[in-house]
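Visitor:
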Amino acid sequence: MADITITLPDGSERSVPAGTTVGGLAAAIGPGLAKAAVIGVVGGVERDLVWELADGDQVEIVTAASERGLYTIRHSTTHVMAQAVLELFPGATFAIGPPVEDGFYYDFELPPGPDGKPGTFVPEDLERIEARMRELMAEAQPFVRDELTNERAREVFAGHRFKLEIIDGEADDPTSATESGLVRTYENPPAAPWASPAFAGYPGFVDLCRGPHVPDTKAFLGHFKLMRVAGAYWRGDEKNPMLQRIYGTAWATKKDLDAHLERLEEAAKRDHRKLATELDLLSFPEELGGGLAVWHPKGGIVRKLMEDYSRERHQQGGYEFVYTPNIANGRLFEQSGHLGFYADGMYPPMEMDNGVYYPKPMNCPGHNLIFNARQRSYRELPLRLFELGAVYRYEKSGTLHGLMRIRGFTQDDSHIYCTPEQAHDEIRSLLGFVLSVLRAFGFTDFEANLSTRPAKAESVGTDEGWAEATENLRAALVAEGLDYEVDEGGGAFYGPKIDVKVRDAIGRSWQLSTIQYDFNMATRMGLEYVGEDGARHTPIMLHRALFGSIERFFGVLLEHYAGAFPTWLAPVQVRVLGVRDDHARYAFEVAEELALLGIRVDVVDASEKLGNRIRKAKGEKIPYVLVVGDDDVAARTVGVNPRGGDVERDVSLDEFAQRVVDEVSDQSHAAR
RNA sequence: GCCCGUGUAGCUCAGUUGGCCAGAGCAGCCGCCUUGUAAGCGGCAGGUCGUGGGUUCGAUUCCCACCGCGGGCUCCA
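Structure below.
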């Protein structure tokens, strides 16, 4: 047989016998790669290891170490899960089951129970399914690719209405594909035929799928765990039936799986709702209503420090401070467009004698009224209005989530009005300002999304306006050296935007800041300024939130620091403990001296053993515990027990005080 | 809003097949101890068992509804 020539990713060519498969090529390159190969990418298309290569193919071997390999493992694992479910629950059918970040899911519909409603999984079912999956994996059933005609596919999946919709092209499935009349499937031939066959002509499991898959149900699989069951609407539409979704996680090695589970545990430990209770920061009293929080003194001081710092920076940044009321006449929201576009997100109206009032869902209409309060000149632009504005939004009850998603919150909201000529520089400096403030709170790892114009019919403004605005945003991202992804068509109808995301201490990404153009509201609300030419012009209006929501940002910070706020933000910075009762007088003297320097300090008396008092202080994550005893009284010193550091004895009080003052000053100013 | 789960003291949790006054640790309060770097000892107090119905001789336990919370879906101009 003649040889064929294959091109590898490094550009090198290799001759192999005709009929060589992807797996065969991997073996020809080396035994290590043969073992590690999960799939191949042939001419840009992912293929199974048994795929036969053709002369001239460009081939890349994909291993489990790569993102694509891992995706394949997760995708194959979810097939095995579907097989287990369909076998264990006769009459069950299935919808889609793609790999997702960290794992996979599959959506099922179970046969109706005695009440006529579709069945549901109970948590114990997950154990049964997982056990069956491990048995199926042990059988090493091959993943067998096939292509069927539409007619044949309709016969095979006759009992599976969701699959029929996919075959007919009515529903999208990211992992299956129908094209040119042929339907691709993968079969897993079982060791013994199923008791109640679910697919015409097959002894066991077959699924619509474009693949590729691992070679068989044993290879690369097995490091997985079924995590939870949840409801999910078919095709993501709440008008459609709700299916039962099972989420799982799967990894290439046991080590990776364990590391993932540990990360989840770590995240659970950092959960801001748990820490908020433990550290007495804030609470969500049931009596107050869903999605509403009260701030306790310890949380209140941290919030105040955040807000003080924000105000200070904004003042330096050329912002002007404004205040607008919490409710407004419905006419304002008619004019701004909120009642037209955003009514679902607003609290219901209050009837008053002279009209209907709504709690404000956003601050922009109020700020626009300030702009409109008198005639504006180009000489006063850019005009930057800033407010820590409380807003209320009606979030559906099922979406509420601690501080991250609440109904009453405070935006650090700014609206900037400038001339078209100023926009480029203004956005550039705005983005720099945003990043600088975020850095002061300990975030160093940023990413951004640039969202562009949605379908024209849904959006306002001119092509030129959108193009220039988008270009200004892009230029700012480039100038700041920020990694960004373009979300094509992801902008709001009124303008393009940048969303800034940060990575926290355990690598999670949080979307915080946003910078948005608004081509809509300036026109709707008749904003105008008089230009150098004496004519009236519509200003460029920008929305900008930095923390986004003070509440949510606080929650993110709390999780980022795992409750251990840096000294400048810690509710209590220093706790003084006298060794015995008779050191109390000196302990208070120490506290007083520190307090005079603006340090937040408290004293706990000696009614408990020192060790226990230290333990409690550590539990409260206080940055510095000072222990004072006989030696310290005599020499005006302190014993310093810092959070996460070693104990230091006989430190002069003045020296310690200076250290704390310097540390606070350095930390809160580091980003400038 | 929809699906599943869950709801016992301020917090973390026990409470066998429905059966006498519902338990523990921590936290709180009161004593004792007088203490040098992550839990000294004793006592006291604290609960309409989420709320409201129902079944039952009897309900924290079983059923229904509602509310809150958790995980998802949807939503987030």
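Under my numbering, the first residue of the first sequence is numbered 453, with each subsequent residue one higher.
All C-beta atoms in this analysis are idealised placements derived from N, C-alpha and C, irrespective of residue type, glycine included.
No experiment lies behind these values; they were computed from the predicted model shown.
Counting Cβ pairs closer than 8 angstroms, one from the segment 759-773 and one from the segment 1047-1066, do we hit at least three?
Guide: No contact exists between the segment 759-773 and the segment 1047-1066.
Visitor: Buried or exposed: which applies to TYR775, given that a residue is buried once 16 or more other Cβ atoms fall within 10 Å of its Cβ?
Guide: Against the first sequence, residue 775 aligns to sequence position 323. TYR775 should be labelled exposed.
Visitor: With a threshold of 8 angstroms on Cβ separation, who are the neighbours of TYR830 within its own chain once the five nearest residues in sequence on each side are excluded?
Guide: Your numbering for residue 830 matches position 378 in the first sequence. Excluding positions up to five away in sequence, the list reads THR871, TYR981, VAL982, GLY983, GLU984, HIS989.
Visitor: Tell whether a beta-carbon distance below 9 angstroms holds between ARG520 and GLU498.
Guide: Here the question's residue 520 lines up with position 68 in the first sequence. Here the question's residue 498 lines up with position 46 in the first sequence. In this structure, GLU498 lies closer than 9 angstroms to ARG520 by Cβ.
Visitor: Beta carbon of PRO817, beta carbon of MET798: below 9 angstroms?
Guide: Position 365 of the first sequence, counted from the start, is the residue given in the question as residue 817. Position 346 of the first sequence, counted from the start, is the residue given in the question as residue 798. The answer is no: Cβ separation not under 9 angstroms.
Visitor: Quick one: using the 10 Å Cβ neighbour count with 16 as the cut-off for buried, is ILE958 buried or exposed?
Guide: For the purposes of this step, residue 958 is taken as the residue at position 506 of the first sequence. That one is exposed.
Visitor: Please report the residue range of the beta strand (DSSP E) in which PHE609 lies.
Guide: Translated into positions along the first sequence, residue 609 becomes position 157. Here PHE609 belongs to no beta strand (DSSP E), and DSSP marks it neither H nor E.
Visitor: With DSSP collapsed to three states, give me the class of ASN820.
Guide: Numbered from its first residue, the first sequence carries residue 820 at position 368. Correct three-state label for ASN820: helix.
Visitor: Can you name the start and end residues of the beta strand (DSSP E) that GLU997 belongs to?
Guide: Sequence index remark: in the first sequence, residue 997 carries index 545 (1-based). Note that residue 997 is Ala in the sequence shown, not Glu. Element bounds for ALA997: 992-1001.
Visitor: By the three-class DSSP mapping on this structure, what secondary structure does GLN963 have?
Guide: Taking the first sequence and counting its residues from 1, one reaches residue 963 at position 511. In the structure shown, GLN963 sits in a strand (DSSP, three-state: E or B).
Visitor: If we count Cβ pairs, one from each stretch, closer than 8 angstroms, do we get three or more for the segment 937-945 versus the segment 899-911?
Guide: These segments touch.
Visitor: Identify the continuous beta strand (DSSP E) that holds GLN787 and give its terminal residues.
Guide: Here residue 787 is taken as the residue at index 335 of the first sequence, counted from 1. Where GLN787 is concerned, there is no enclosing beta strand (DSSP E), although the alpha helix (DSSP H) it sits in stretches over 782-788.
Visitor: If you draw a straight line from the C-alpha of ASP796 to the C-alpha of ASN778, how long is it?
Guide: The residue given as residue 796 occupies position 344 in the first sequence. The residue given as residue 778 occupies position 326 in the first sequence. In a straight line, the C-alpha of ASP796 is about 18 angstroms away from that of ASN778.
Visitor: Let's see if you can read the secondary structure: which residues bound the alpha helix (DSSP H) around LYS707?
Guide: Within the first sequence, numbered from 1, the residue matching residue 707 stands at position 255. Start and end: 706-721.
Visitor: Counting only runs of 4+ residues fully inside the segment 872-919, write out the alpha helix (DSSP H) ranges in chain order.
Guide: Listed in chain order, they are 872-892.
Visitor: Less than 6 angstroms between C-beta atoms, sequence neighbours within five positions excluded: which residues of the same chain meet that for TYR523?
Guide: What you label residue 523 is simply residue 71 of the first sequence in a count that begins at 1. Cβ within range, chain order: PRO551.
Visitor: For GLU910, which residues from the same chain have a beta carbon less than 7 angstroms from its beta carbon, with the 5 sequence-adjacent residues on both sides left out?
Guide: Residue mapping note: residue 910 aligns to position 458 of the first sequence, counting from 1. For GLU910, where only same-chain residues beyond five positions count, the Cβ hits under 7 angstroms are PHE945.
Visitor: Going by DSSP, which residues form a beta bridge with LYS953?
Guide: Taking the first residue of the first sequence as position 1, residue 953 is located at position 501. DSSP, once it has assigned bridges, lists GLU899, GLN963 as partnering LYS953.
Visitor: With DSSP as the reference, identify every bridge partner of LEU673, one or two as the case may be.
Guide: Here residue 673 corresponds to residue number 221 of the first sequence, with the count starting at 1. DSSP output for LEU673 lists no bridge partner at all.
Visitor: Taking the beta carbon of THR914 as the centre, do at least 16 other beta carbons fall within 10 Å, making it buried, or is it exposed?
Guide: Reading the first sequence from its first residue, position 462 is the one you call residue 914. Per the 10 Å Cβ criterion, exposed.
Visitor: List the whole-angstrom C-beta distance separating GLY700 from LEU731, where the pair is believed to meet the contact cut-off of C-beta under 8 angstroms.
Guide: Taking the first residue of the first sequence as position 1, residue 700 is located at position 248. Taking the first residue of the first sequence as position 1, residue 731 is located at position 279. Actually they are not in contact, since the Cβ atoms of GLY700 and LEU731 sit about 34 angstroms apart, beyond 8 angstroms.
Visitor: Taking just the CA atoms, how far does THR459 sit from GLU465?
Guide: Residue numbering aside, residue 465 sits at position 13 when the first sequence is read from its first letter. Residue numbering aside, residue 459 sits at position 7 when the first sequence is read from its first letter. When rounded, the distance between both Cα atoms is 5 angstroms.
Visitor: Looking at the unbroken beta strand (DSSP E) that takes in LEU695, where does it start and where does it end?
Guide: Taking the first residue of the first sequence as 1, we reach residue 695 at position 243. Segment 694-702, the beta strand (DSSP E) holding LEU695.
Visitor: Between which two residues does the beta strand (DSSP E) harbouring GLN510 extend?
Guide: Indexing the first sequence from 1 puts residue 510 at position 58. Where GLN510 is concerned, there is no enclosing beta strand (DSSP E), given that its DSSP letter is neither H nor E.
Visitor: Could you round the C-beta distance between GLU639 and VAL596 to whole angstroms and report it? I think they count as a contact, below 8 angstroms.
Guide: Residue numbering aside, residue 639 sits at position 187 when the first sequence is read from its first letter. Residue numbering aside, residue 596 sits at position 144 when the first sequence is read from its first letter. GLU639 to VAL596, Cβ: 4 angstroms. Contact.
Visitor: From LEU887, ILE618, HIS748, PRO655, pick the residue whose C-alpha is nearest to that of ARG687; which is it?
Guide: Here residue 687 refers to the residue found at position 235 when the first sequence is read from its first residue. Selected option, being the one with the closest Cα: ILE618.
Visitor: What does a CB cutoff of less than 8 angstroms around GLY674 pick up in its chain, not counting 5 residues either side in sequence?
Guide: Along the first sequence, read from residue 1 onward, the residue named residue 674 stands at position 222. If we look at GLY674 and ignore the five residues flanking it on each side, its Cβ neighbours are ARG586, MET589.
Visitor: Do you know offhand how far SER762's Cα is from ILE1074's?
Guide: The sequence position of residue 762 within the first sequence is 310, counting from 1. The sequence position of residue 1074 within the first sequence is 622, counting from 1. One C-alpha to the other measures close to 23 angstroms.
Visitor: Return the chain-ordered list of same chain residues with a C-beta closer than 7 angstroms to the C-beta of ARG1124, the five sequence neighbours on each side being excluded.
Guide: Your numbering for residue 1124 matches position 672 in the first sequence. Interpretation of ARG1124 is limited by its pLDDT of 47, a score under 50 that renders its predicted location unreliable; the figure taken from the coordinates is listed afterwards. These residues qualify, in order along the chain: SER888.
Visitor: Less than 9 angstroms between the C-beta atoms of GLN1025 and VAL1090, yes or no?
Guide: Here residue 1025 refers to the residue found at position 573 when the first sequence is read from its first residue. Here residue 1090 refers to the residue found at position 638 when the first sequence is read from its first residue. No, the Cβ-Cβ distance between GLN1025 and VAL1090 is not below 9 angstroms.
Visitor: Locate the beta strand (DSSP E) running through PRO469, then write down its first and last residues.
Guide: Taking the first residue of the first sequence as 1, we reach residue 469 at position 17. Residues 465-469.
Visitor: Using the beta-carbon count (16 or more within 10 Å), is SER528 buried or exposed?
Guide: Counted from its first residue, the first sequence places residue 528 at position 76. With 16 or more Cβ atoms within 10 Å of its Cβ, SER528 is classed as buried.
Visitor: Just reading off the beta strand (DSSP E) that ARG1095 is part of, what are its end residues?
Guide: In the first sequence, counting from the first residue as 1, residue 1095 sits at position 643. Premise fails: ARG1095 is in no beta strand (DSSP E) and is neither H nor E.
Visitor: Going straight from the alpha carbon of GLY917 to that of LEU964, what length do you get?
Guide: If you number the first sequence from 1, residue 917 lands on position 465. If you number the first sequence from 1, residue 964 lands on position 512. Rounded to whole angstroms, GLY917 to LEU964 spans 26 angstroms at the Cα level.
Visitor: If you count every other CB in all the chains shown that lies within 10 Å of the CB of ARG905, and 16 or more means buried, which is it?
Guide: On the first sequence, residue 905 is found 453 positions in, with the first residue counted as 1. Buried is the call here.
Visitor: Using DSSP bridges, identify the partner residues of SER866.
Guide: The residue labelled residue 866 in the question sits at position 414 within the first sequence. Looking at the DSSP assignment, SER866 forms a beta bridge with PHE838, ARG996.
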